[in-house]
Every structure is written in C-alpha cells, then in structure tokens.
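In order, the protein sequence lines correspond to chains A and B.
FYI, the numbering used here numbers position 224 of the first sequence as 224, with every residue one higher than the one before it.
Each position in the second sequence, counted from 1, maps to that position plus 1000 in the numbering used here.
Where is the CB? At the ideal position from N, CA and C, for every residue including glycine.
Nothing here was measured: the structure is a model prediction, and the numbers come from that model.
One structure is given below, encoded as structure tokens.
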Amino acid sequence: MKKIIKHVVTDILRNRIVLIYTLFLLVTSFSIFSLEDNNSKGLLSLLNIILIVVPLVCIIFSTIYMYNSAEFIELLVSQPLKRKSIWLSLFGGLAISLSIAFLIGAGIPVVLYQPNAIGFTMIATGILLSLIFVAIAIFATVYTRDKAKGIGAAIMLWLYFSLLFDGLVLFLLFQFADYPMEKTMIALSALNPIDLSRILILLQLDVSAMMGYTGAVFKDFFGTPAGITFSSLILILWIVLPVWFSARKFNSKDL
Amino acid sequence: MIIANNVTKQFGKLKALDNVCTTCNKGECIALIGPNGSGKTTLIKSILGMVVPDSGLITFNNNNILHSWKYREDIGYMPQTGRYPDNMTIGQVLDMMKDIRNKQNNLDDDLIKSFSLQSIFNKRIRTLSGGTRQKVSASLAFLFDPPVLILDEPTAGLDPLASELLKDKIVAEKEKGKLVLITSHILSDLDELVTRVIYMQDGKLIFHKSIEALRRDTGEYKLSKAISRVMQN
Chain A
1 MKKIIKHVVT DILRNRIVLI YTLFLLVTSF SIFSLEDNNS KGLLSLLNII
51 LIVVPLVCII FSTIYMYNSA EFIELLVSQP LKRKSIWLSL FGGLAISLSI
101 AFLIGAGIPV VLYQPNAIGF TMIATGILLS LIFVAIAIFA TVYTRDKAKG
151 IGAAIMLWLY FSLLFDGLVL FLLFQFADYP MEKTMIALSA LNPIDLSRIL
201 ILLQLDVSAM MGYTGAVFKD FFGTPAGITF SSLILILWIV LPVWFSARKF
251 NSKDL
Chain B
1001 MIIANNVTKQ FGKLKALDNV CTTCNKGECI ALIGPNGSGK TTLIKSILGM
1051 VVPDSGLITF NNNNILHSWK YREDIGYMPQ TGRYPDNMTI GQVLDMMKDI
1101 RNKQNNLDDD LIKSFSLQSI FNKRIRTLSG GTRQKVSASL AFLFDPPVLI
1151 LDEPTAGLDP LASELLKDKI VAEKEKGKLV LITSHILSDL DELVTRVIYM
1201 QDGKLIFHKS IEALRRDTGE YKLSKAISRV MQN
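Set out below in structure tokens:
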C-alpha cells in the first residue's frame, strides 16, 4: 500500500496544479496578514477565504484526478493487489499531497503571525476539510462512470455545502422563528462540515460575542471540551463514511 | 488451472456471459474466438477479477478467485488497449510494476530487448503510438515470468516484424508448459500457436475442443477456414 501511495504522490506532485494551489494560499495568507494591522482580524479574513477555496480545490482536483487515473486504476486492478488497498492508497495519496499543500500554503503564515490556539485550530480544521472533500470527491467518482457527470456532481456538492446549505438553514430559521431553534441549529450544523469548521473557529475569536442568543447557545455547546470532541468526531465521520462507502462500492465495481 | 462454472454476467439488458463453463489446463495454448461483442474480453476480465460475475464460480488452482488477489501474481495480462498513466515514461511504468509486484530479479526481459524498448525508455506514454503501447503491454505481460499468460488481441496494431517476435515468444513460453489464453481476430496468426479452441457467441460458449478435433469435424486444415465454416452453420 505504501508503494502505491508513493506513486500517487509523485504523480500528483508532477502535476503543477497542486504547486499553484500552494503558491496561491501562500500569497493570499501573507498579503492578508500584512494588510491587516490586527492579526486576529487577519485570521478572520483568511478563514473566509480558506472555507471557500480549500473545499473547492480539493473536490474538483480530486475528482478530475480520479477520472484521469482511470487507466492507472485499471492497470493496478489487474495486478496482485487488494482492491481495498488500491482505493485507500488513492485516497491517501490525494489526501497527503493536498494536506501538505495546505500546510505549506496556509500553515506557515498562520504559525508566523498567529502562533496560538486559534491559529492551530484553523490549521487543523483546514486539513480536516481537505480530507473531507477528497473523501467526498472519491465517493462521487466511484458512483458515476461518466466524467462530465462526475465533475458536475462534484461542483454541485461544493455549491451545496458552501452556499445552498446556508440558504436552507436561513429559510428554516425564518419559517420557525417563533420556536426555540438553538438546539436544532447545533444538530443542523453537523450536517455541513464547512459550517462546523466555521463555528469551531469563530467561537474562539472575539467576534462570537456579536452572534446574539444563538451564539451564546453555540458557545455553551461548542466551547466546552465535550462540544469540541463532538464536532471533531463529526468531522472525522465526514471523512470515514464517504471513504468506507466508496471502498465498498469499488470492491465490486466492473472495470 | 482455471475452471469456470456457470459464469453469468449481465450489463444492463445485454447478457455478456451466459452460463459459461470451461476448464483450462497447464501447457495448453487456448484461442478464444468469436464475433465482436461475444463476451471474450468479459470472460478474460472475469478471470482477472476486473469484472465481477453476477453468478457462477471461477477457480484458479482450485481457489475461488472472488475477492482474492494473490493469485494474480501468477498471471501476465496483456490488455486489448494498453492504457498507462499519460505523464509517466516507459521506464517509469516498468519500474513501477516491478515495485508493485515486488520482484526485481529473475525478470524475463526478452521482449524488452527484442523490441529494443531500452532506447525509448524515457519517452512519455502520451507520445507513444498504438503499436508501441502494445509492445509495452506485451513486455509487461511476460516480464514477471508468470505461469499463466492472458493475451487480449496481442498482435493487433503490431508491425509484421514485432508480431513475429511476439509469436515466437508465445511459442517458447508454451513449450515451457505455461497456460496461454489468446483472443484474436487474426486467425492466421493463431494457426501455429494454439492447441485448443474456445468458440463463443452472444455470451454463450459454443464449443471447447482441441484443434485436431476441430479440423476433423470441419474437414478444414486452416483455422480461419474451419471457423468460417462453423460460423456459417
């Protein structure tokens, strides 16, 4: 399995997209930190960019990579290798290279300007988000044989998680404005890894004081060690479930 | 060595394999013949585990191959169209396969030498012609000296010289007592190679007999004539 991961990682690093992604993150992070006089404000701006860019790049790049390596996968399947280890290695290779890109691109500036708990939470959630969207991407590719459909599905999924979901939640909030919705909101936030990451980081920043009563309930829940464990577990579940389901599907797929 | 028992596979409405039963033994060179879309490649892919049959059983050395993978160490497979990662070079592909198969010594590089692939080792796969890709596939299939060789249209797209070299290699391996499974539409290529013939049509296995029996039954010596006689009936 290590060998396949090695080949996947070298293959991805030969591709310039990951390099460009790293440079892009590096340039934006440094420019944001040097534009803002207050580092905590800088972190907030960076958070918004990361929550949009990281999922987008991870899901699109992974989907396209998986379709482009159809031949490679076919070649591997005819070799004495377990299908499960082929699949996990492909996930591992993508996850490792995109996490390294994030660590270099966003990790270094954050460590330089914000070497505290909030900074490290942000790096951790960034890496978790990378893994989650690689997992969702490979889940989408194993179920659709057609490349155009698969990439379309990936874009739709990204759109759903970063825009549509918030709209739906807002809609629900307005519809049920007369009822106490705070507990439900916590449950709903578990359905979207991007929202969950945003809440996790925002609650550690001072701006959470401006979020009103819901913010207070969130702080009561997500601010506690139990809440942090809960949300980390949910995020990890967002990685494990897609990978597990896609590996099961791949195990009996015709090539 | 390879036994297929009531293997059935359906792609949507199309029955690609319909209750196929057959036995392949050591030292045989078997030709899989049939019209386009008769299920030859599906049968081969089922043996390799690339296609999972809906029902039926395939055993390799008396072990069920379903969800097992170790047995593929004993198979050299040459696909119909060799497709490799585009931005790797020939040398890198060969090295990667050696790395994956975990075999660095006792390699059979006869074909690499006779096709003189060494001189183009650093050419990228993307830039290769169809014939050169076939040469790479053939070299890879023979490289690990496996006891079973499965060749899907091996001579299609090869120039006459390379095709002769490959045929000589197949004969040499057959003499060593290996099992060779070949599909081809170029029946004249098969005349000197095969000992048995499997004929398939619409996913069904019509017959599996030795070439002598086929010649006797049809009264034709040449395989191409014999098969066209069968197809007319």
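Assignment of residue 140 (chain A) by DSSP, reduced to helix, strand and coil, places it in the helix class.
Residue environment analysis places residue 1153 (chain B) among the buried positions, since at least 16 neighbouring C-beta atoms fall within 10 angstroms of its C-beta.
With distances taken between CA atoms, residue 39 (chain A) lies nearest to A:114 out of A:114, A:57, A:16, A:84. Of all residues in the stretch 1080-1096 of chain B, only 1083, 1084, 1085, 1086, 1087, 1088, 1096 place a beta-carbon less than 8 Å from a beta-carbon of chain A. Residue state for residue 79 (chain A) is assigned as coil, using DSSP reduced to three classes. If you check each beta-carbon in the stretch 1035-1062 of chain B against every beta-carbon of chain A, the ones closer than 8 Å belong to 1045, 1048, 1049, 1050, 1051, 1052. Classified as exposed, residue 171 (chain A) has fewer than 16 neighbouring CB atoms from the shown chains inside 10 Å of its CB.
In this structure residue 1 (chain A) is exposed. Its beta-carbon is surrounded by fewer than 16 other beta-carbon atoms within 10 angstroms.
Inclusion of residue 105 (chain A) and residue 25 (chain A) in the CB contact set at 8 Å is warranted, their separation being smaller than that value. Going by beta carbons, residue 1203 (chain B) and residue 1068 (chain B) fall outside the 8 Å limit.
The beta carbon of residue 146 (chain A) sits no closer than 8 Å to any beta carbon of chain B.
The beta carbon of residue 1163 (chain B) sits closer than 6 Å to those of 1155, all from its chain and outside the five residues before and after it, given in chain order.
In this structure, DSSP gives residue 1003 (chain B) an extended state, which the three-state scheme calls strand. Along the stretch 36-48 of chain A, none of the residues has a CB nearer than 7 Å to a CB of chain B. Membership of residue 1019 (chain B) in the beta strand (DSSP E) is indicated by the continuous run 1014-1024. Around the beta carbon of residue 87 (chain A), 16 or more other beta carbons lie within 10 angstroms, which makes this residue buried. For residue 27 (chain A), the number of other beta carbons within 10 angstroms of its own is below 16, and it is reported as exposed.
Pairing residue 112 (chain A) with residue 12 (chain A) gives a Cβ-Cβ distance that is not under 8 Å. In this structure, residue 1185 (chain B) sits away from residue 1196 (chain B), with a CB-CB distance that is not shorter than 8 Å.
Closest option to residue 1105 (chain B), judged by alpha-carbon separation, among B:1005, B:1212, B:1145: B:1145. Listed along chain B, the residues sitting closer than 9 Å to residue 69 (chain A) by beta-carbon distance are 1085. Taking a beta-carbon distance threshold of 8 Å, residue 149 (chain A) does not count as an interface residue toward chain B. The three-state reading of DSSP puts residue 166 (chain A) in helix, counting H, G and I together.
At a C-beta separation below 9 Å, residue 255 (chain A) has these neighbours in chain B: 1045, 1050, 1051.
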